[in-house]
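This report concerns only the one structure given below.
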Amino acid sequence: MKAPLQIGVTGGIGSGKSVVCAVFKALDIPVYEADERAKWLTEHDPILKADIQRVLGKEAYTPTGRYNRSWVASQVFADPALLASLNAVIHPRVFADTAAWVNEHADKPYVVKEAALMNQRAGDGNTLDKIIVVQAPVALRIARIRKRDPQRTDSEIQNIIDRQLSDEARFQIADYVVENDEAQLLLPQIIRLHEVFLQQASN
1 MKAPLQIGVT GGIGSGKSVV CAVFKALDIP VYEADERAKW LTEHDPILKA
51 DIQRVLGKEA YTPTGRYNRS WVASQVFADP ALLASLNAVI HPRVFADTAA
101 WVNEHADKPY VVKEAALMNQ RAGDGNTLDK IIVVQAPVAL RIARIRKRDP
151 QRTDSEIQNI IDRQLSDEAR FQIADYVVEN DEAQLLLPQI IRLHEVFLQQ
201 ASN
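According to UniProt numbering, the sequence shown holds residues 1 to 203 in order.
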């Protein structure tokens, strides 16, 4: 059986990646949420837990076995080498988990992988066939984040945006751009892409 096409969906915080992915799900296309899945694996994959403790020490987990996210963030925030070591143990486990998930959905024409961090073009050191970038103006993104996360200040939100890839860098890796700016209808853009991917998968 031919492997399904793998489509990446990315975009900055507040751009509306999850809304776009929810539409793909409604079209019966499986969606792999890489960031959520990575969080799940840090708490449930015994090999990964052991590796993380080897890199960061026992404090990486609470006494009840939960991943100590805020403590880990405080350790790696100002230490790029430590962050690289942490990513070096997390990424291969997520990669293996993704590959197993794709195999489970081998009967589908294509699958979608949602991730905040994508910085390579499709096929450039990854298994993606195409990448969709979800785009929205920064002011609208800030308003959306403030609405769903009222305890965050504007400067905190701006900090997160500044730490993420710039729009220009995202456009460099985009095969398709979905405009989620509330000026253009979102659904027709996604349906059009759905039809394109079905066509590509049948070739």
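Beta carbons: idealized from backbone N, C-alpha and C, even for Gly.
What beta strand (DSSP E) runs, 3 residues minimum, are completely inside the segment 13 to 90? Whole beta strand (DSSP E) segments, 3+ residues: 31 to 33.
With burial defined as no fewer than 16 other Cβ atoms inside 10 Å of the residue's Cβ, what is the status of N103: buried or exposed? exposed
So, with DSSP's three-state summary, where would you put L193? helix
Between which two residues does the alpha helix (DSSP H) holding E156 run? 154 to 163
Return the chain-ordered list of same chain residues with a C-beta closer than 6 Å to the C-beta of L186, the five sequence neighbours on each side being excluded. N180
Could you have a look at T98 and say whether DSSP puts it in helix, strand or coil? helix
Rounded to whole angstroms, what's the CA-CA distance from K108 to I142? Just pull it up for me. 36 Å
Whole angstroms are fine: how far does the CA of I173 sit from the CA of Q120? 6 Å
Kindly indicate the opening and closing residues of the alpha helix (DSSP H) around L140. 138 to 148
What are the boundary residues of the beta strand (DSSP E) that Q184 is part of? According to the DSSP assignment, Q184 belongs to no beta strand (DSSP E), since it is labelled neither H nor E.
Cα separation between A201 and R69? 39 Å
Closest by C-alpha distance to C21, when choosing among I13, T64, E33: E33
Using the C-alpha atoms, what's the distance from D154 back to I90? 31 Å
Please classify E114 as buried or exposed, where buried requires at least 16 neighbouring CB atoms within 10 angstroms. buried
Any idea if S15 is buried or exposed, counting beta-carbon neighbours within 10 angstroms, 16 or more meaning buried? buried
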